[in-house]
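The block underneath contains the structure these notes are about, expressed in structure tokens.
Right under this line is the structure:
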């Protein structure tokens, strides 16, 4: 019965805040932009609570991640050492079938049109019995993949559409594609992940956790800072958006766990550090984290969390790494 109480308190706080805003407006003594930001945060808390089932049980009961293991999987991608950018992960489809998938990028580490699937971890590790799904026939097709921000979630491949600030959703069963525009989102290396050097074509990134499908990007309106949007997978529309103060070009990658956005930064060729968190439930930011992550190369093309096995999946200089997350 925890979530109804949280919803009740959040709704009461929102109503109180609205009343305070009206009083202060009459006295003309407040900063409008500050009030709008606080009101937006409270409203997001109410809406987020409403979307959580009362039967919700997962790692999210503890919510904040506390540590990350050393890599439990370290494997070179099966295509070539030249495929230094891409994405990989683990998915359970709508019929509960298990798959491990790899999406390599070619053509200047920018474009892709194939996702490779293995139907067991043993097959994945042995690089056998794979199936290549060709999404489109050409790298420059309107529905081709751009950038390493791809994720496969419940049998659907989500990715940035070719040459546009839009999301594509490719259904592996029906082979139909849905598209979703992200107004104002930077693309084509306007707001990639950087730190010491920039990793091209990383403007728009997908993630899926216990709460649903997420997309992270940056906009000029938010001064190049990271924006997080929650996408309803049924209607394929954005339902909530949060604006952070995390400058996207100052981090090497981001990922979401239990509705919390985490950011990493470069320490050296073999080490990253999770240093920042933004909680979409509370709107609070924390830039004092220090959670190390081992890696095998400098560039982190993609990083995301899978709630099924509570692991993080990284595509790192052509290598595929997996880590256990702890709460």
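Numbering (mature numbering (1 follows the signal peptide of the UniProt record, and there is no 0)), first residue to last: -19 to -1, 1 to 308.
Note that beta-carbon positions come from the ideal geometry of N, C-alpha and C, so glycine has one too.
In the three-state DSSP reduction, residue 107 falls in the helix class (H, G or I).
When Cβ pairs closer than 8 Å are counted between the two stretches, the stretch 224 to 232 is seen to touch the stretch 164 to 184, the count reaching three or more. Per DSSP, residue 248 is one residue of the beta strand (DSSP E) stretching across 241 to 249. If you ignore the 5 residues before and after residue 199, its C-beta comes within less than 7 Å of the C-beta of 167, 172, 205, 206, 207, 208, 229, all in its own chain and listed in chain order. Under the 10 Å beta carbon count, residue 203 is surrounded by 16 or more other beta carbons and is classified as buried.
Sorting 241, 237, 271 by C-alpha distance to the C-alpha of residue 248 places 271 at the top. Taken through DSSP and simplified to helix, strand or coil, residue 41 comes out as helix.
Taking C-alpha positions only, residue 143 is separated from residue 240 by approximately 27 Å. As a beta-bridge residue in DSSP terms, residue 187 pairs with 196. Unbroken beta strand (DSSP E) stretches of 3 residues or longer found wholly inside the stretch 73 to 123: 79 to 85, 95 to 99, 112 to 115, given in chain order. Scanning its chain for C-beta atoms nearer than 6 Å, with the 5 sequence neighbours on each side dropped, one finds around residue 267 the residues 258, in chain order. In the three-state scheme derived from DSSP, where H, G and I count as helix and E and B as strand, residue 210 is classed as strand. DSSP places residue 159 in the strand class (E or B) of the three-state scheme.
Per DSSP, residue 220 has no beta bridge partner at all. Rounded to whole angstroms, residue 70 and residue 54 show a C-alpha spacing of 11 Å. DSSP, read as helix, strand or coil, puts residue 229 in helix. Non-local C-beta neighbours of residue 116 in its own chain, meaning closer than 6 Å and more than five positions away in sequence, comprise 94, 151, ordered along the chain.
Under DSSP, residue 56 shares a beta bridge with 301.
Less than 7 Å separates the beta-carbon of residue 303 from that of residue 294. Within the same chain, Cβ atoms closer than 6 Å to the Cβ of residue 214 are found at 194, the five residues on either side in sequence being excluded.
Contact between the stretch 184 to 191 and the stretch 114 to 130 is established, with three or more Cβ pairs separated by less than 8 Å.
When secondary structure is reduced to three states using DSSP, residue 276 falls in the coil class, being assigned neither helix nor strand.
Taking all protein chains shown into account, residue 164 has fewer than 16 neighbouring C-beta atoms within 10 Å of its C-beta and is therefore exposed.
Note that the C-beta distance between residue 85 and residue 99 is not below 7 Å. One Cα belongs to residue 217, the other to residue 180, and the distance between them is close to 28 Å. Beta-bridge analysis with DSSP links residue 235 to 244. If the five residues before and after residue 48 are omitted, its C-beta is found closer than 7 Å to the C-beta atoms of 272, 307, all from its own chain and listed in chain order.
For the options 256, 161, 235, 242, the alpha carbon positioned closest to that of residue 220 is the one of 161. Between residue 41 and residue 191, the C-beta gap is smaller than 7 Å, which places the two residues in contact. Residue 267 is bridged by DSSP to 258. Setting aside the 5 residues that flank it on each side, residue 96 is surrounded in the same chain by 82, 83, 84, 113, 114, 116, 131, 133, 138, each with a C-beta closer than 8 Å to its C-beta; the list follows chain order.
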